[in-house]
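A short write-up of the structure that comes next.
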Amino acid sequence: MAVDYTKYLRMDKMPLYWCPGCGDGIVLKCYLEAIDELGWGKDDCAMVSGIGCAARVTGYVDFHTLHTIHGRAIAVAAGIKMSHPDKHVFVFGGDGDIVHIGGNHLLHACRRNVDVTVVLINNWIYGMTGGQHSCTTPPGAKASTAPRGTFEPTIDVCQMAIGAGAGYVARGFAGDPTRLKKLIKEGLEYKGFSLIDVFSPCPINFGRRNKLGDPAKLLEHMKSFLVSSAKAKRMSEEELKGKFVMGVLHKDTEKPELTASYKGLIEKAQASDEYWAKYVKGTLTEDDKDKITREELKKLYPYDVETPLKEWKKL
Amino acid sequence: MGRIAFLNANAAVAEAALVAGLGFYAGYPITPSSEVPERLSKIMPEKGLPFMMMEDEIASINACVGATASGVKAMTCTSGPGYSLKQEALGMACMLEVPLVVVNVMRGGPSTGLPTRPSQQDVMQARWGTHGDHPIIALSPCNAQEAVFETIRAFNLAEKYRQPVVLLTDGSLSHLHTKIYIPDPEEVEVVDRAQPDVDPDNYYPYEYNYEVPPLAKWWADDGKSYRYHLSSLIHDKTGFPTVNPKYTQWLLERMHKKISNHLDEILKYEYYKMDDAETCIIAYGSTAEAARVAIDQAREEGIKVGMFRPLTLWPSPEEQIRDIASKVKNVIVAEMNLGQYLLEVERVVGGKAAVYGVNQAAGVLIRPSQIYDKIKNPSKRVEIGLTEEELKRFGGGE
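Each protein sequence line maps, in turn, to chains A and B. So the first sequence is numbered by the working numbering: it starts at 7 and just counts up by one. So the second sequence is numbered by the working numbering: it starts at 11 and just counts up by one.
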């Protein structure tokens, strides 16, 4: 049955502001289908984004949404998740936002395995600012800051995330929405950090400069870089050079999730007999509160316990 | 009744934050602020509260913004270099209008500077560190006991005005152990952010008819869920971006007015022996304690000198300083920098009194004797108040 997307979208914010042929809408659709299949309520969902075209998703989805500064969405999301471990927290962002300027936060969210799902819309370019090359622009491709083609190598963000210890890492393609939805859904369900790297076309700012202005042509071009994980298994290292593997690349069901680990730490701390632990349990005795009497204190210190507070209140 | 403890100002700030209702801490290690996270890392799990050491200074303030936007009181703590790194997100907190407390234990700068030594060189950065026309509140306690109260006040002001508050201590104050009193929450006022009296459907995070619109907790205490959008872009009442000049101007003006219209409540200051004073020392933080000693000494000799000590540095107590300038002959600003608050005082005084500075950025506290000398002879430059013998102990320079 078709999904009623309007249920999850702020329809008064339509039409979407993305360019014709942009992949962002396809990825958003796949993501909403996955949410719908999971039956998660809007009230339990929070989404954070940074800056960029993909980051505008927070304006459209009818969740608790936070549109923050460039590159920091994952750090913000970690703060939300740690404060509300029972809620679902997501991040949407582009390659410039998540991988390039925000790379450090991505690495450490992977390591912590905090239960946040990151949908990375990887269009190989800084779209919003006018087509400057990013850390994912293929070598030799033209960009507004690389009129003769880029001279920098790129990064395989999925391999980086796996190396950093992410629990779930997958790569999808905007040209294959059926599989993309499944990958996102599996990432959402995963208890831990999940990254879904989605190759998605930017015909206006990447395509046109590289004679790929036709969205269908650009999708074909992007596809030529991708191989399925099944096919990749049969390929040699030499053959895989310059290719990006699609599908679920890594899933660690053993690695503890961060908020669960922290819960364990809380239990350990509260089992102690220290002041605040007793305070929380309500088992403080008079002795805990004040080991020195006020009279003794007056002799030890030029002013008694009430004076500083009183004096400060007067200021 | 609260507790008596023997603590430095860093630990005092940590304890006070818990009294004020701290619900989330994220930080990054930096000297000389370390005792704040160290103490909290022990206590917060006992209280069942999240404590995080993040990958960098930027991540730590951003995590705090996430926590506070969702409805939890948050704090981060740092020193000079870390404070520089936090500036962009501090501006975001101003723009989103979320309560936040940022502690800056000032050390000698610029750059890596003097990691273990005190300064007051971040006073102007506290005002203008982040880009754009933003309002800010900055507080400066003068001892560990006052750091307890001012930390609580920082949280209260942050919650009341939906505004990041900067707490400025320094490397000396933060490591000086003294006996302090930590009050119970019942003994002091603890303010929580105002909650909307409308249903989620009719709620706007920047409602026009408020000076400080209520900031709904995403998951309210009564079980309601307030879904709305906050953006670091210029926004209208709904929280969604706009470039409409009318709403842009409205937003920035309201953000400033919510502070400037409530100076009575935000400003805190002390007059010390000012009744008949002909010379006024303006000092804050650790330096104020040295000024107090110098004033007592000068008073014994019959010199009419007093002190005006702002606890709230920003917004600056303009009216009070102007009033002092009309009554005294000389104003002397003593601070551990090359003359930052001095600029603000000069601006406010506007030539009505002579303004002098005791400015030392040497990584050591200003001594009472230096301020005393300045009181006696205001136009004479103040030299580093250390003997050759004392300087030798620091090593280097040869």
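Cβ atoms here follow ideal geometry from the backbone N, Cα and C, with glycine treated the same way. None of the values given here were measured: they were computed from a predicted structure.
Alpha-carbon to alpha-carbon, residue j and residue i
i: Val341(B); j: Pro151(B); result: 21 Å
i: Tyr309(A); j: Arg302(B); result: Note on Tyr309(A): pLDDT 48, under 50, position unreliable in the model; the coordinate value appears next. Approximately 17 Å, taken between the alpha carbons.
i: Glu39(A); j: Asp50(A); result: 16 Å
i: Glu280(A); j: Leu17(B); result: 17 Å
i: Glu221(B); j: Leu243(B); result: 19 Å
i: Cys208(A); j: Lys48(A); result: 29 Å
i: Lys257(A); j: Ile80(A); result: 20 Å
i: Pro378(B); j: Gln307(B); result: 9 Å
i: Asp121(A); j: Ala136(B); result: 35 Å
i: Ser230(A); j: Leu224(A); result: 10 Å
i: Thr289(B); j: Glu310(B); result: 15 Å
i: Leu113(A); j: Asn369(B); result: 44 Å
i: His239(B); j: Thr322(B); result: 32 Å
i: Gly373(B); j: Leu177(B); result: 20 Å
i: Thr252(B); j: Phe404(B); result: 56 Å
i: Lys189(B); j: Val158(B); result: 12 Å
i: Ser184(B); j: Ile334(B); result: 31 Å
i: Thr184(A); j: Arg177(A); result: 13 Å
i: Tyr282(B); j: Asp68(A); result: 56 Å
i: Lys362(B); j: Arg332(B); result: 8 Å
Short CB-CB distance (under 8 Å) between residue i and chain A
i: Ile342(B); result: no
i: Val75(B); result: yes
i: His141(B); result: no
i: Tyr191(B); result: yes
i: Trp229(B); result: yes
i: Lys247(B); result: no
i: Ile53(B); result: yes
i: Pro60(B); result: yes
i: Gly33(B); result: yes
i: Ser270(B); result: no
i: Leu183(B); result: no
i: Ile331(B); result: no
i: Tyr257(B); result: no
i: Leu321(B); result: yes
Top-ranked residue by Cα proximity to residue i, from the options
i: Asp246(B); options: Ala300(B), Asn166(B), Leu106(B), Ser182(B); result: Leu106(B)
i: Leu110(B); options: His141(B), Ser70(B), Gly142(B); result: Ser70(B)
i: Ala61(A); options: Thr265(A), Asp30(A), Gly136(A), Arg185(A); result: Asp30(A)
i: Gly92(B); options: Ile292(B), Asn114(B), Ala36(B); result: Asn114(B)
i: Ile53(B); options: Gln276(A), Leu315(A), Thr160(A); result: Gln276(A)
i: Met346(B); options: Pro327(B), Ser43(B), Ala300(B), Ser389(B); result: Ala300(B)
i: Ile313(B); options: Val338(B), Arg264(B), Ser241(B); result: Val338(B)
i: Gly118(B); options: Ile147(B), Leu375(B), Lys402(B); result: Leu375(B)
i: Asp209(B); options: Tyr191(B), Leu186(B), Tyr236(B), Asp231(B); result: Tyr236(B)
Residue i: CB within 7 Å of a non-hydrogen atom of the ligand GDP
i: Pro21(A); result: With respect to small molecules bound, the structure shown includes none, and the ligand GDP cannot be examined in it.
Exposed unless 16 or more other CB atoms sit within 10 angstroms - verdict on residue i
i: His70(A); result: buried
i: Pro23(A); result: Note on residue identity: the sequence assigns Tyr, not Pro, to residue 23(A). By the 10 Å Cβ count, Tyr23(A) comes out exposed.
i: Gly136(A); result: exposed
i: Gly407(B); result: exposed
i: Trp318(A); result: buried
i: Gln259(B); result: exposed
Cβ-Cβ distance between residue i and residue j below 8 Å
i: Ala149(A); j: Arg215(A); result: yes
i: Val175(A); j: Leu44(A); result: no
i: Pro55(B); j: Ile272(A); result: yes
i: Val355(B); j: Ile292(B); result: yes
i: Ala154(B); j: Ala22(B); result: yes
i: Pro224(B); j: Val29(B); result: no
i: Leu126(A); j: Val95(A); result: no
i: Val33(A); j: Ser206(A); result: yes
i: Gly37(B); j: Pro47(B); result: yes
i: Met88(A); j: Pro60(B); result: yes
i: Gln380(B); j: Val392(B); result: yes
i: Ile107(A); j: His76(A); result: yes
i: Ser94(B); j: Ile40(B); result: no
i: Thr123(A); j: Leu194(A); result: yes
Below-8 Å beta-carbon distance, residue i vs any chain B residue
i: Glu280(A); result: yes
i: Lys191(A); result: no
i: Met241(A); result: no
i: Pro314(A); result: yes
i: Ser78(A); result: It is worth fixing the name first, because residue 78(A) is Arg in this sequence and not Ser. By this cut-off, Arg78(A) is an interface position.
i: Leu15(A); result: no
i: Asp49(A); result: yes
Taking only beta carbons into account, state which residues of the region 160-174 of chain A come closer than 7 Å to chain D, listed in chain order. In the structure shown, chain D cannot be found, because the protein chains are A and B.
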